[in-house]
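Chemist: This is the structure I have questions about; it appears just below.
Residue numbers (this note's numbering): 21 to 138.
Set out below in structure tokens:
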């Protein structure tokens with residue numbers, strides 16, 4: 021089963037969900053805020069994608085952090101703690117299917133390739 025991870029009110033999540041539905045792709049949506057995010061799941065994302073890729077440093081949540089807090093995020097451990105505390109700081113969407121490399125972000129051609137390989 022394909023799982024789409026993110027936050028339901030995110031515009032990019034809405035685009036990804038609309039694309040999946042238009043293509044008739046069955047998927048499960050996991051909302052970090054409503055469904056939660058545990059450390060084990062987050063660490064599996066970090067192990068595959070790297071904490072730098074997962075940490076959205078261009079979004080509002082990151083920009084609202086004070087400079088000292090931003091400067092303290094220097095490795096997977098500190099990044100994971102921040103992402104667990106503030107899941108909106110995780111780049112999204114993240115598309116997952118067992119046995120497939122995870123796909124971060126939304127791009128129609130990348131999604132099509134991902135779906136074709138599932």
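From the three backbone atoms N, C-alpha and C, an ideal C-beta is built for every residue, glycine too. Because the structure is a prediction, the values reported are computed rather than measured.
Can you check DSSP and say which residues form a bridge with residue 47?
Modeler: 22
Chemist: Assign residue 118 to one of two classes, buried (16 or more other C-beta atoms within 10 Å of its C-beta) or exposed (fewer than that).
Modeler: exposed
Chemist: Is it the case that the Cβ atoms of residue 33 and residue 113 are separated by a distance below 8 Å?
Modeler: yes
Chemist: Would you kindly report the start and end of the unbroken beta strand (DSSP E) that includes residue 114?
Modeler: 114 to 116
Chemist: Taking the continuous alpha helix (DSSP H) assigned at residue 100, which residues delimit it?
Modeler: 96 to 105
Chemist: Hey, out of 69, 103 and 58, whose CA is closest to residue 116's CA?
Modeler: 69
Chemist: Rounding to the nearest angstrom, what Cα-Cα distance links residue 56 and residue 27 in this structure?
Modeler: Each residue's Cα considered, the two are about 10 Å apart.
Chemist: Is DSSP giving residue 93 helix, strand or coil here?
Modeler: Here DSSP, grouped into helix, strand and coil, assigns residue 93 to coil.
Chemist: Leaving out five residues on either side along the sequence, give the residues of the same chain with a beta carbon under 8 Å from the beta carbon of residue 36.
Modeler: 24, 26, 113, 115, 126 and 131
Chemist: Go ahead and pull the three-state DSSP assignment for residue 57.
Modeler: coil
Chemist: Considering only their Cβ atoms, is the gap separating residue 105 from residue 120 smaller than 8 Å?
Modeler: no
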